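In the working numbering, the protein residues as written are 152 to 190.
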């Protein structure tokens, strides 16, 4: 179950990064920090 959750979170994060413009580096950094906290 945990693996599936992590996989889904990863996919959601990738989609978020794709949706945001490349100029939005700050949001990307925040998302990466959140992912690190989850791990």
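We put the CB at the ideal spot given by N, CA and C, even for glycine. None of these values were measured; they are calculated from a predicted model.
The beta carbons of residue 155 and residue 186 sit about 16 angstroms from each other, so the pair does not count as a contact at 8 angstroms.
Distance from the CA of residue 157 to the CA of residue 184, rounded to the nearest whole angstrom, comes to 15 angstroms. Taking 8 angstroms as the cut-off, the beta carbon of residue 168 is found no closer than this to the beta carbon of residue 177.
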